[in-house]
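A.B. asks: Pasting in a structure now, in structure tokens, and then I'll have a few things to ask.
Residue numbers (my numbering): 22 to 788.
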């Protein structure tokens, strides 16, 4: 049995002198992967190669939409990392979870209780929860549309144009729940030429293979219409091996369809209609009980395979109208998304010879989520000095949630509990952002967003709907059949102002310096998962969380060979919202939605690209965090006293160090071939995953390699690649016990180890 509080891999926070020495020595660090704007398709790899070497292409000017207008990335005073379609393809990124390490101060992790539930963290601002009514700290936006829940959100990346990762609060332009940052996913739009892409891949290295098949067809339909249709299929047979029976585990079958229609009846008007359908059927999480199995290995035991059956429908309509007023653009984005998911999993991960009082903890959920949103904005330029962006945003979200638990206590019959809730959100935002050029080299930025938000929750408590050892009694259900009785109903509203003030300085063309103060917020949250013995903090709503970010950064491009960006920031967090897990009781665990503390986070980020020789480029990154509580009023340790022990705990989801190095080379072979090679090393420090610091994720080191042979100017591409060659054991966000004797110990959802892959791509244009 492994020791849960083993600290052999712990790395204490570095001294600031050591930090700045590392910064000085890290001038060769991390990617500024490039992107193209979301309104124009990225050039294909073979097209770039025909006009310039890959090295030069990587340092070309990059257009992003981080400030809701098209800008070169080196002109955007925001700390950000961007991946374009070429980078995503070269690194064989399959979903956002593949980017969980390698980006400064960023973690894209999955929660352990249900597959597909994202728990993203940026700059130490992250949650640790699968409660669907708990708003995330990092906002995810798909084609400009905010995703209202973190459930069913680990997004497949095929045919994406770019991913923009903005670090720090983005409250003025993006609004609610972006206190950590924002992740912008931009899918490709139709072009005015015929093209077709077919791609197949197979991955191995685990117990059973993983297959990918994708196809895209782009076609113009006359002078004003164009369409793009994408189909993506993934049949994962299961990388893991269940110790119960030795069989493959972790199977997943995904189907995604995405038709896109672009209509441009005049030079001044564009309309883009997108629809996406996604269906997922998979096993439950590979839940490793770290009190039985060494967390440095991939062994685990579940006696219930579990499942996830999920279906999403997502429609958006974007209209862009160029107007003479301010030489500007009026943009309207309407969206609707419906997501349904039914899941079941074995949380305890205990072998048959368990000695803990709680011998079995199986967990099921049923979720229906429907959201509508509309953003109407204007962006224009006045007096050749003033850039203005203003608009109004409306968002409404209805979520129905059902939960069931199967609890097997020692020498007691099996207990079934049922509960959940109905949760509704309405949000209205008004925003204005101004960039005024005081001189040719100095710009003043000012922004303000007003948000009014209303939430309502009707909740059924799990312990109040209980069946003991009666398999013929289905109990109640929140979504169908006999409905569970509502135990509490409540509603609340919030009104918030999110300001921003900044300065941008350009002493020379190649260097930009910036400073800003930005405020972000998360409105109070309700808890639709009331379990165990009720406490005052369980239902909610919590108070609003507020984050003030002070940031000083630079961006520099030195000729065609060096690009180096960096930022130093300081966050002041007031009324931090947490989902505090309290093991034990008749439901196995209790979760409190509570404002626990005030905190401060100091950090540094550095990333760069360096052309070492023709067609040879080094990229790298470094992130540092120093996070601490400044005031605390919640008993996080569970010892019955709120004191210095609580205040001295480390914040969760805040690894001290993250860094990576990425070396790429492009080698022409005759007139018909090109061989691109890549090797990457990425590191993430140990991080705590529970507020009482009883559980943590080990430090993680990953080595990825790849070879891509481009044939006939990229018409054919054969790729060989390896991921996580060190076979490191990664975990998603884990949970439970302060003391194994109070329950069943601690579990973590496993991530895949070593993976080898072969990919074949056929691309044809002008058909």
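Even for Gly, the Cβ is constructed at its ideal location relative to N, Cα and C.
Using three-state DSSP, classify residue 588 as helix, strand or coil.
C.D. replies: Correct three-state label for residue 588: strand.
A.B. asks: With a 10 Å radius around its C-beta and 16 neighbouring C-beta atoms as the bar for buried, classify residue 715 as buried or exposed.
C.D. replies: Classification for residue 715: buried.
A.B. asks: Count the other CB atoms within 10 Å of the CB of residue 408; is the residue buried (16 or more) or exposed (fewer)?
C.D. replies: Result: buried.
A.B. asks: If we require 3 or more residues per run, which beta strand (DSSP E) segments fall completely within the segment 279-354?
C.D. replies: Here the runs fully enclosed are 290-303, 308-310, 328-344.
A.B. asks: Grab the span of the beta strand (DSSP E) containing residue 626 for me, first residue to last.
C.D. replies: Per DSSP, residue 626 belongs to the beta strand (DSSP E) from 610-634.
A.B. asks: Report, in whole angstroms, the separation of the C-beta atoms of residue 370 and residue 321, which I expect to be a contact under 8 angstroms.
C.D. replies: Contact holds; Cβ gap of about 6 angstroms.
A.B. asks: On a Cα-Cα basis, can you pick out the residue from 690, 686, 654 that is closest to residue 697?
C.D. replies: Closest option to residue 697, Cα to Cα, is 686.
A.B. asks: I think residue 550 touches residue 565, with their Cβ atoms under 8 angstroms apart; what is that distance to the nearest whole Å?
C.D. replies: Their Cβ separation, rounded to whole angstroms, is 21 angstroms, which puts residue 550 and residue 565 out of contact at 8 angstroms.
A.B. asks: CA-CA distance, residue 769 and residue 572?
C.D. replies: Rounded to the nearest angstrom, the two C-alpha atoms are 35 angstroms apart.
A.B. asks: Secondary structure at residue 656, three-state DSSP: helix, strand or coil?
C.D. replies: Residue 656 falls in the coil class under three-state DSSP.
A.B. asks: Could you check whether residue 186 and residue 202 sit closer than 8 angstroms to each other, using their CB atoms as the reference points?
C.D. replies: Yes, the Cβ-Cβ distance between residue 202 and residue 186 is below 8 angstroms.
A.B. asks: Residues in its own chain within less than 6 angstroms of residue 98 by CB, not counting five upstream and five downstream?
C.D. replies: So the list reads 525, 535, once near-sequence residues are dropped.
A.B. asks: Considering Cα atoms alone, identify which of 616, 569, 642, 590 is closest to residue 584.
C.D. replies: Closest by alpha carbon: 642.
A.B. asks: Quick check: the segment 255-268 against the segment 228-246, are at least 3 beta-carbon pairs closer than 8 angstroms?
C.D. replies: Yes: at least three Cβ pairs fall under 8 angstroms.
A.B. asks: Which one of 312, 363, 403 has the shortest CA to CA distance from residue 345?
C.D. replies: The option with the nearest alpha carbon to residue 345 is 403.
A.B. asks: Among residues of its own chain, excluding the 5 on either side of residue 751, which ones have a beta-carbon nearer than 6 angstroms to its beta-carbon?
C.D. replies: Contacts found: 721, 772.
A.B. asks: Taking 8 angstroms as the threshold (C-beta atoms), are residue 197 and residue 394 in contact?
C.D. replies: No.
A.B. asks: In the DSSP assignment, find the unbroken alpha helix (DSSP H) run with residue 192 in it and report its ends.
C.D. replies: Where residue 192 is concerned, the enclosing alpha helix (DSSP H) stretches over 192-195.
A.B. asks: Mind checking residue 693: buried by the 16 CB within 10 Å criterion, or exposed?
C.D. replies: Residue 693 is exposed by the Cβ-count criterion.
A.B. asks: What are the boundary residues of the beta strand (DSSP E) that includes residue 665?
C.D. replies: No beta strand (DSSP E) holds residue 665; the alpha helix (DSSP H) holding it covers 665-668.
A.B. asks: Please determine, among 712, 118, 392, the residue with the shortest C-alpha to C-alpha distance to residue 649.
C.D. replies: With distances taken between Cα atoms, residue 649 lies closest to 712.
A.B. asks: Taking Cβ positions, are residue 303 and residue 328 nearer each other than 8 angstroms?
C.D. replies: Yes, the Cβ-Cβ distance between residue 303 and residue 328 is below 8 angstroms.
A.B. asks: Looking at the secondary structure, which residues open and close the beta strand (DSSP E) in which residue 109 lies?
C.D. replies: No beta strand (DSSP E) contains residue 109, which is instead part of the alpha helix (DSSP H) from 106-111.
A.B. asks: So if DSSP puts residue 705 in a beta bridge, which residue, or which two residues, is it bridged to?
C.D. replies: Answer by DSSP bridge pairing, in chain order: 679, 721.
A.B. asks: Quick one: what does DSSP say residue 242 is sitting in, helix, strand or coil?
C.D. replies: Strand.
A.B. asks: What is the C-beta distance between residue 159 and residue 142, in whole angstroms, given that I count them as a contact (C-beta under 8 angstroms)?
C.D. replies: About 7 angstroms; that satisfies the 8 angstroms criterion.
A.B. asks: How far does the beta strand (DSSP E) with residue 467 in it extend, from its first residue to its last?
C.D. replies: Run containing residue 467: 463-481, per the beta strand (DSSP E) assignment.
A.B. asks: Is DSSP giving residue 95 helix, strand or coil here?
C.D. replies: Three-state result, residue 95: helix.
A.B. asks: Taking DSSP's pairing of strands, which residues face residue 548 in a bridge?
C.D. replies: Its beta-bridge partners do not exist; DSSP assigns none.
A.B. asks: Report the residue from 731, 701, 734, 782 whose alpha carbon sits nearest the alpha carbon of residue 747.
C.D. replies: Selected option, being the one with the closest Cα: 701.
A.B. asks: Given residue 513, which residues of its chain have a CB within under 7 angstroms of its CB, disregarding the five upstream and five downstream residues?
C.D. replies: Answer for residue 513: 476, 545, 562, listed in chain order.
A.B. asks: With contact counted as at least three CB pairs below 8 angstroms, one residue from each stretch, are the segment 139-154 and the segment 663-670 in contact?
C.D. replies: With the cut-off at 8 angstroms, the segment 139-154 and the segment 663-670 do not touch.
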